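Numbering (this note's numbering), first residue to last: 10 to 504.
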């Protein structure tokens, strides 16, 4: 009787199977799904829990199908199972919230990266800080997922333990059954059991929820991989930009050094040319002063020579009168020869008078010859001196003409509009005063050019000092950039 009553109680008792799970609805509110399944056959030793076993996913493990009975529990309480399921629900909610925050963080970081790339306000320090925060969040989420996986594995082991214990209880019940077969079927129970939670396609909902979670995890994984690729690309772009900046800085420094060396070389050449021009100008001025002094002395000597020649020309008139006496003597000789041709009957007195005149003529000729020898020598000397003086005068005129041509060339080279007076029509000589004026003007022009060169030299020295200052500033900026680059590389390597 006792055994029959126990079996009757077992047949009347309904074993509940409840599956509770929290998930996110489309509007963000949590929803609870419950499933209840009951199909027990005691006579056939079969215990079916309404398709309560699910496949294990890579993110969320199989759902829990538990069967509890007050008489067949064997020390397992539904309260403990509900507590474990409640803890599991809280963990799933926390993980879902963490995944939502992670998705928001990923979207915000992606927008920030796009905004910085498009806006041009790209900062390496800010990007490294964001990447560090993102890495910490990913590590925390990975740790949370690992804990969640451990929790799911523990829960799965507990479910397996429950199943094994239930199988043991079923085997014990089958061993203790009486000879008559007792068949229990949920359809034969007159008592209608209503679950506390409404069940609406529980298995399909759980499967859909699992697929949704799997899809979301896959999407998050794809976003993480995309953002990692974006971070890698940005890092490579940052490295390329830094290399470009280093190359540009090196090129700028090399060009600046080359420009400074060229400027210094040009200034040295200009300074050497200026010194050479100064020496040439000093030599030219001294030579011009010496030439002017020599010309002045030569003019004075020529003037004195011309005065002596004029004085000596008066002596030539005396010589011409002597030549007139010689002509008279020749006429007398010619008449004497004509008289010799007279007839022999001429008188002796006439002959003696003629001989006397002849002797006087000879004496006069001798006297004139003795006097004329000094005059001819003087005339020859005067002619030679006059010829030499004319040659020197021509040389002086040629020197003055050359000096005048040099001054005219200097005026044409400096684009001076003012013109000197023209030379004489014959072109044989120039006016000394005009030559002196041209030389003074050329010297004054050279002085002005030298002053302009000195001013240019001072301006160039100022520019060189400014360039040296700018070069020092650029060198300091380059050192600061190198230091910042080394610090950035050190920070990147530390991370």
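Virtual Cβ for every residue (Gly too), placed ideally from N, Cα, C.
If you're wondering where the values come from, they're calculated on a predicted model, not measured in any experiment.
**Prompt:** Is residue 448 helix, strand or coil when you go by DSSP?
**Reply:** Translated into the one-based positions of the chain shown, residue 448 becomes position 439. Reduced to three states, the DSSP call for residue 448 is helix.
**Request:** Compute the beta-carbon to beta-carbon distance between residue 236 and residue 115, rounded to the nearest angstrom, for a pair I have assumed lies under 8 Å.
**Result:** As a position in the chain shown, residue 236 is number 227, starting the count at 1. As a position in the chain shown, residue 115 is number 106, starting the count at 1. A Cβ-Cβ distance of about 6 Å is found for the pair residue 236 and residue 115, placing them in contact under the 8 Å criterion.
**Prompt:** By a C-beta neighbour count over all protein chains shown, 10 Å radius and 16 as the cutoff for buried, is residue 9 buried or exposed?
**Reply:** Outside the displayed span of the chain (10 to 504) sits residue 9, for which this structure offers no information.
**Item:** Sub-7 Å separation of residue 412 and residue 444 beta-carbons
**Value:** Numbered from its first residue, the chain shown carries residue 412 at position 403. Numbered from its first residue, the chain shown carries residue 444 at position 435. Contact check for residue 412 against residue 444 passes: the beta carbons are separated by less than 7 Å.
**Message:** Between residue 142 and residue 107, how many whole angstroms is the CB-CB distance? I'm expecting something under 8 Å.
**Reply:** The residue given as residue 142 occupies position 133 in the chain shown. The residue given as residue 107 occupies position 98 in the chain shown. Not confirmed; about 15 Å, so no contact.
**Request:** Write down the C-beta distance between residue 164 and residue 97 rounded to the nearest angstrom, noting that I regard them as a contact closer than 8 Å.
**Result:** The sequence position of residue 164 within the chain shown is 155, counting from 1. The sequence position of residue 97 within the chain shown is 88, counting from 1. Right, the Cβ-Cβ distance comes to about 6 Å (below 8 Å), so this counts as a contact.
**Request:** Taking only the alpha-carbon atoms, compute the straight-line gap between residue 112 and residue 118 and give it to the nearest angstrom.
**Result:** As a first step, residue 112 is located in the chain shown; it is residue number 103 there, counting from the start. As a first step, residue 118 is located in the chain shown; it is residue number 109 there, counting from the start. A direct Cα-Cα distance of roughly 10 Å separates residue 112 from residue 118.
**Outcome for residue 101 when other beta-carbon atoms lying within 10 angstroms are tallied against a minimum of 16** = The residue you call residue 101 lines up with position 92 of the chain shown. Classification for residue 101: buried.
**Asked** Taking the alpha-carbon positions, what's the residue 154 to residue 166 distance?
**Response** By 1-based counting over the chain shown, the position of residue 154 is 145. By 1-based counting over the chain shown, the position of residue 166 is 157. Within the model, the alpha-carbon separation for residue 154 versus residue 166 is close to 18 Å.
**Asked** Looking only at its own chain, which residues have a Cβ that is under 7 Å from the Cβ of residue 405, when we skip the five neighbours before and after it?
**Response** For this step, residue 405 is matched to residue 396 along the chain shown. Excluding residues within five positions, the ones whose Cβ falls inside 7 Å are 304, 307.
**Asked** Are there 16 or more other CB atoms within 10 angstroms of the CB of residue 375, so buried, or fewer, so exposed?
**Response** If you number the chain shown from 1, residue 375 lands on position 366. Exposed, because fewer than 16 other Cβ atoms sit within 10 Å of the Cβ of residue 375.
**Request:** Could you check the C-alpha separation between residue 181 and residue 171 for me, to the nearest Å?
**Result:** For the purposes of this step, residue 181 is identified with residue 172 of the chain shown, where counting begins at 1. For the purposes of this step, residue 171 is identified with residue 162 of the chain shown, where counting begins at 1. Their backbone Cα atoms lie some 15 Å apart in a straight line.
**Asked** In or out: residue 484 buried (at least 16 other Cβ within 10 Å) or exposed?
**Response** Reading the chain shown from its first residue, position 475 is the one you call residue 484. Answer is exposed; the Cβ neighbour count stays below 16.
**Message:** I need the straight-line Cα distance from residue 256 to residue 144, nearest angstrom please.
**Reply:** By one-based count along the chain shown, residue 256 stands at place 247. By one-based count along the chain shown, residue 144 stands at place 135. So the two alpha carbons sit approximately 32 Å from each other.
**Helix, strand or coil at residue 477 [DSSP, three-state]** = On the chain shown, position 468 is the one that residue 477 refers to. If DSSP states are grouped into helix, strand and coil, residue 477 belongs with the helices.
**Request:** With a 10 Å radius around its C-beta and 16 neighbouring C-beta atoms as the bar for buried, classify residue 84 as buried or exposed.
**Result:** Against the chain shown, residue 84 aligns to sequence position 75. For residue 84, the predicted structure reports a pLDDT of 41, less than 50, and the residue's modelled location is therefore unreliable. The matter cannot be settled from this model.
**Prompt:** Looking only at its own chain, which residues have a Cβ that is under 7 Å from the Cβ of residue 265, when we skip the five neighbours before and after it?
**Reply:** Taking the first residue of the chain shown as 1, we reach residue 265 at position 256. The answer, listed in chain order, is 480, 483.
**Item:** Local conformation of residue 504 per DSSP, three classes
**Value:** Translated into the one-based positions of the chain shown, residue 504 becomes position 495. The answer is coil: DSSP assigns residue 504 none of H, G, I, E or B.
**C-alpha gap between residue 416 and residue 287, whole angstroms** = Taking the first residue of the chain shown as position 1, residue 416 is located at position 407. Taking the first residue of the chain shown as position 1, residue 287 is located at position 278. Whole-angstrom Cα-Cα distance: 18 Å.
**Of the listed residues 301, 273, 157, 177, nearest to residue 408 (C-alpha basis)** = Taking the chain shown and counting its residues from 1, one reaches residue 408 at position 399. The residue with the shortest Cα to Cα distance from residue 408 is 301.
**Request:** Taking 8 Å as the threshold, find out whether the stretch 243-252 comes into contact with the stretch 458-474 through three or more Cβ pairs.
**Result:** By the Cβ rule, the stretch 243-252 does not count as touching the stretch 458-474, because fewer than three pairs are nearer than 8 Å.
**Message:** Relative to the C-alpha of residue 296, which candidate in 284, 489, 474, 452 has its C-alpha closest?
**Reply:** Taking the first residue of the chain shown as position 1, residue 296 is located at position 287. Ranking 284, 489, 474, 452 by Cα distance to residue 296 puts 452 first.
**Item:** Three-state class that DSSP yields for residue 440 in the structure shown
**Value:** As a working mapping, residue 440 is identified with position 431 in the chain shown. Here DSSP, grouped into helix, strand and coil, assigns residue 440 to coil.
**Message:** Rounded to the nearest angstrom, what separates residue 494 and residue 123 at their Cα positions?
**Reply:** Translated into the one-based positions of the chain shown, residue 494 becomes position 485. Translated into the one-based positions of the chain shown, residue 123 becomes position 114. C-alpha separation (whole angstroms): 24 Å.
**Asked** Can you tell me whether residue 486 is buried or exposed, with buried defined as 16 or more other CB within 10 angstroms of its CB?
**Response** On the chain shown, position 477 is the one that residue 486 refers to. Classification of residue 486: exposed, given that the 10 Å Cβ count is below 16.
**Within 7 Å, strictly: CB atoms of residue 469 and residue 276** = Here residue 469 refers to the residue found at position 460 when the chain shown is read from its first residue. Here residue 276 refers to the residue found at position 267 when the chain shown is read from its first residue. Contact: yes.
**Inter-residue Cα distance where the pair is residue 74 and residue 168** = Within the chain shown, residue 74 is the residue found at index 65, counting from 1. Within the chain shown, residue 168 is the residue found at index 159, counting from 1. Interpretation of residue 74 is limited by its pLDDT of 37, a score under 50 that renders its predicted location unreliable; no figure is taken from the coordinates.
**Asked** Does the Cβ-Cβ distance between residue 283 and residue 462 come in under 7 Å?
**Response** Here residue 283 corresponds to residue number 274 of the chain shown, with the count starting at 1. Here residue 462 corresponds to residue number 453 of the chain shown, with the count starting at 1. Closer than 7 Å, so yes.
**Item:** Beta-carbon proximity of residue 157 to residue 104, cut-off 7 Å
**Value:** Position 148 of the chain shown, counted from the start, is the residue given in the question as residue 157. Position 95 of the chain shown, counted from the start, is the residue given in the question as residue 104. Cβ distance < 7 Å, so residue 157 and residue 104 count as in contact.
**Request:** Look at the alpha carbon of residue 502 and the alpha carbon of residue 471, and state the distance between them as a whole number of angstroms.
**Result:** Along the chain shown, read from residue 1 onward, the residue named residue 502 stands at position 493. Along the chain shown, read from residue 1 onward, the residue named residue 471 stands at position 462. Near 46 Å, if we compare the C-alpha coordinates of residue 471 and residue 502.
**Asked** Can you tell which of 147, 362, 498 has its C-alpha closest to the C-alpha of residue 229?
**Response** Looking up residue 229 in the chain shown gives position 220. Residue 229 has its Cα closest to that of 147, out of 147, 362, 498.
**Request:** Just tell me which of 490, 497, 504, 499 has its CA closest to the CA of residue 258.
**Result:** Along the chain shown, read from residue 1 onward, the residue named residue 258 stands at position 249. Looking from the CA of residue 258, the closest CA among 490, 497, 504, 499 belongs to 490.
**Request:** Count the other CB atoms, across all protein chains shown, that sit within 10 Å of the CB of residue 175; report buried if there are 16 or more and exposed otherwise.
**Result:** Here residue 175 refers to the residue found at position 166 when the chain shown is read from its first residue. Burial call: buried.
**Asked** How long is the line joining the alpha carbons of residue 464 and residue 474, rounded to whole angstroms?
**Response** Translated into positions along the chain shown, residue 464 becomes position 455. Translated into positions along the chain shown, residue 474 becomes position 465. One C-alpha to the other measures close to 15 Å.
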